[in-house]
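Protein chains in written order, with my numbering: chain A, 2 to 301; chain B, 0 to 288.
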């Protein structure tokens, strides 16, 4: 019997070994390597350990660099606004669709951008956003609003990109909300109605508390994703002043593959990781086991 | 008519107003969702003059279907398709293979350290890709894989989310089924092949669809890897280069046709596999840009 147990344990390791070997090469190694690189001045042309050791210089440089600090500000604005706005809009729409006819049709319409490559989304919107002959300014013109320089005005461009991100993102969270809403028994609403609760009271006292785990899960994953945003700003922000649209990940990308400062870029990536880690922890802490972990361990 | 009257009796006027408001909001929303796609399709059939007309045109005077013919002549779009298909296909296979093996083990085979290893797998999902870009690029360079499809496939051959999803599915398979197979003398490998794999087919379909679409659409890593290897370019990278190259010339109307080439396959795949995808999406909670 003991031999049998040991054999099973061994074969257990055997079954996870492809994944484990992968994690050694594509998780363990990169994390350690990035960490080591972040303390050096390295351009990838020489072996890492021949590169000059700088101590904390890379981190110091970044935290004093105006562009990097601006990218932090831009990204945090982007993350907070897009995640909150798309969650609010998609929850609202999910509630509407839940009680509407043809739910599949609506869901499909709102979901299409989610399966569309972000490169395509960015390019389409680049055209819609054209100042003189773009559709958006034309539509605004019908209401007597003067043309907006969506992608070239430094005060506007970040919001233009956020608008597209919200547009592209609501379908996904809406779908998850719809599933969560379906799990709420109708009796709760009926009982509340009998007690005289209005539509808003019912929403805030029944719906919100009951979908809280979903809400937090979406908020945590949304934040993890939004802090790493790259595609849309990269494709839409080329004609804007760099300061106004640079995001952390774009900054890291430019530092690494534009100017070949791999050490500094790694330091940036670690700062980004720390930010994401802290934000995720805060969200999870604030709601204890409500969000991600609750989801992950639901069936453990 | 009868139905209508019945409804009116059932619902008061305020209810009717709410319903009208509801559907108008949904319609406005749907209009905002559709407009960019409608315009993309319409613009792909315009001449370059029509595309830059001021005020903008909504539909072309006479559809220029030849724009679509022009694309394969200008860029190797078939090669981009082939690369995307190969990379997304093999990457998906890798995720399904490693995910089902590890998911099975984490769910059904007790071994020391199982819990810690599983938590580790979950925690990998929290790391930003930017920590991996540079070291993995360096690794690929030193392995000599940079001018090879492997550099685009192997780094994505395992997904923590995939392992998690399959594990959750395998947990629901009753132990009794496995035990009776073992009494019949089947080893774990046989159990995996004959019992587990057939039973988790829905999970595999969901995960496969999700992974395939994700990989087909991925942009950053393929762009970095293929910057010096044109023959490896995937559809999003190839089309994005086209966007940049064409935007100042007279051929920018072709960008739209190229984008349609890029968007259409995913919309078809999505329509066809909608149920899988939606299910997977609901289970994952990942998405957005």
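All C-beta atoms in this analysis are idealised placements derived from N, C-alpha and C, irrespective of residue type, glycine included.
Identity of the residue in the options nearest residue i by Cα
i	options	result
residue 86(B)	221(B), 53(B), 209(B), 25(B)	221(B)
residue 124(B)	224(A), 100(A), 216(A), 252(A)	224(A)
residue 235(B)	122(B), 84(B), 177(B)	84(B)
residue 227(B)	146(B), 179(B), 119(B)	146(B)
residue 220(A)	163(A), 130(A), 80(A), 140(A)	80(A)
residue 121(A)	95(B), 259(B), 12(B), 264(B)	259(B)
residue 46(B)	180(B), 253(B), 126(B), 28(B)	253(B)
residue 218(A)	153(A), 174(A), 114(A)	174(A)
residue 182(A)	272(A), 56(A), 211(A), 202(A)	211(A)
residue 241(A)	159(A), 283(A), 250(A)	159(A)
residue 50(B)	267(B), 250(B), 263(B), 274(B)	250(B)
residue 70(B)	238(B), 192(B), 25(B)	238(B)
residue 121(B)	89(A), 20(A), 283(A), 110(A)	20(A)
residue 1(A)	60(A), 151(A), 59(A), 43(A)	This structure leaves residue 1(A) out entirely; chain A is present only between 2 and 301.
residue 41(A)	279(A), 268(A), 277(A)	268(A)
residue 28(B)	111(A), 259(A), 10(A)	111(A)
residue 217(B)	78(B), 265(B), 102(B), 111(B)	265(B)
residue 143(B)	255(B), 40(B), 224(B)	224(B)
residue 111(B)	135(A), 117(A), 12(A)	12(A)
residue 264(A)	164(A), 149(A), 275(A), 54(A)	54(A)
residue 44(B)	63(B), 176(B), 36(B)	63(B)
residue 290(B)	168(A), 287(A), 284(A), 272(A)	No statement about residue 290(B) is possible, as the shown extent of chain B runs from 0 to 288 and does not include it.
residue 268(B)	208(B), 219(B), 242(B)	208(B)
residue 337(A)	22(B), 242(B), 274(B)	Because residue 337(A) is not part of the residues shown, which for chain A are 2 to 301, the question remains open.
Bounding residues of the alpha helix (DSSP H) (the contiguous stretch that carries residue i)
i	result
residue 213(A)	213-227
residue 27(B)	12-42
residue 174(B)	174-182
residue 210(B)	200-216
residue 28(A)	That residue, residue 28(A), is in no alpha helix (DSSP H); it is neither H nor E in DSSP.
residue 98(A)	67-99
residue 143(B)	Unbroken run through residue 143(B): none, as it is neither H nor E.
residue 252(B)	252-271
residue 265(A)	263-287
residue 155(B)	Premise fails: residue 155(B) is in no alpha helix (DSSP H) and is neither H nor E.
residue 92(B)	76-107
residue 47(B)	47-50
residue 249(A)	249-254
residue 188(B)	187-190
residue 138(A)	136-143
residue 232(A)	232-237
residue 70(B)	65-73
residue 207(A)	Taken as a continuous stretch (DSSP letters only), residue 207(A) belongs to no alpha helix (DSSP H), as it is neither H nor E.
residue 198(A)	It is not in any alpha helix (DSSP H) - residue 198(A) carries neither H nor E in the DSSP assignment.
residue 125(B)	Segment: none, residue 125(B) is in no alpha helix (DSSP H) and carries neither H nor E.
residue 182(A)	158-183
residue 224(B)	219-224
residue 130(A)	Counting along the chain, residue 130(A) falls outside any alpha helix (DSSP H), and DSSP gives it neither H nor E.
Paired residues, beta bridge with residue i - DSSP
i	result
residue 41(A)	54(A)
Near the ligand HEM: residue i beta-carbon under 7 Å from a heavy atom
i	result
residue 70(B)	Although the ligand HEM was asked about, the structure shown includes no ligands whatsoever.
What are the residues of the segment 232-250 of chain A that lie near chain B, defined by any Cβ-Cβ distance shorter than 9 Å? 232, 233, 235, 236, 239, 249, 250
Members of the segment 78-105 of chain B near chain A, C-beta cut-off 8 Å: 96, 97, 98, 100, 101, 103, 104, 105
Give, in chain order, every residue of the segment 253-286 of chain A whose Cβ lies closer than 8 Å to some Cβ of chain B. 253, 254, 257, 258, 263, 266, 267, 269, 270, 271, 273, 274, 277, 278, 281
Using 8 Å as the threshold, is the segment 141-157 of chain B in touch with the segment 224-231 of chain B, meaning 3 or more CB pairs across them? yes
I'd like to know if the segment 199-207 of chain B and the segment 160-177 of chain B are in contact, where contact means that at least 3 CB-CB pairs between them fall below 8 Å. yes
Using a Cβ-Cβ cut-off of less than 9 Å, list which residues of the segment 47-78 of chain A approach chain B; keep chain order. 49
Looking at C-beta atoms only, is the number of pairs between the segment 133-153 of chain A and the segment 83-95 of chain A that lie closer than 8 Å three or more? no
Quick one: any contact between the segment 244-259 of chain A and the segment 25-41 of chain A, if contact means 3 or more CB pairs under 8 Å? no
Within the chosen definition, does the segment 183-194 of chain A reach the segment 121-134 of chain A through at least 3 CB pairs nearer than 8 Å? no
For the segment 20-46 of chain B, which residues have a beta carbon sitting closer than 8 Å to at least one beta carbon of chain A? 21, 22, 24, 25, 28, 29, 31, 32, 33, 34, 35, 36, 38, 39, 42
Inter-stretch contact (C-beta, 8 Å, three-pair minimum) for the segment 18-31 of chain A and the segment 132-144 of chain B: yes
Using Cβ-Cβ distances below 7 Å, what residues of the segment 205-229 of chain B are close to chain A? 212, 216, 218, 219, 223
Using a Cβ-Cβ cut-off of less than 8 Å, list which residues of the segment 107-125 of chain A approach chain B; keep chain order. 107, 108, 109, 110, 111, 112, 113, 114, 115, 116, 117, 118, 119, 120, 121, 122, 124, 125
Mind listing which residues of the segment 51-62 of chain B have their C-beta closer than 7 Å to chain A's C-betas, in chain order? 51, 52, 53, 54, 55
Can we say the segment 193-200 of chain A touches the segment 230-239 of chain A, given the rule of at least three CB pairs closer than 8 Å? no
Under 7 Å, CB to CB, which of the residues in the segment 117-129 of chain B have a partner in chain A? 121, 123, 125, 126, 127, 128, 129
Is it true that the segment 85-102 of chain A meets the segment 10-17 of chain B, where meeting means three or more beta-carbon pairs spaced less than 8 Å apart? no
Going along the segment 176-189 of chain B in order, which residues come within less than 7 Å of chain A, judged by CB to CB distance? 187
Evaluate the contact criterion for the segment 161-171 of chain A versus the segment 89-96 of chain B: three or more CB pairs, one atom per stretch, below 8 Å. no
Which residues, in chain order, does the segment 30-45 of chain A contribute to contact with chain B at a C-beta distance below 8 Å? 30, 31, 32, 34, 35, 38, 45
Anything in the segment 128-145 of chain B with a Cβ closer than 9 Å to a Cβ of chain A? List those residues in chain order, please. 128, 129, 130, 131, 132, 133, 134, 135, 136, 137, 138, 140
Members of the segment 154-168 of chain B near chain A, C-beta cut-off 8 Å: 154, 156, 157, 162, 163, 167
Residues of the segment 158-170 of chain A with Cβ closer than 8 Å to any Cβ of chain B, in chain order: 166, 168, 169, 170
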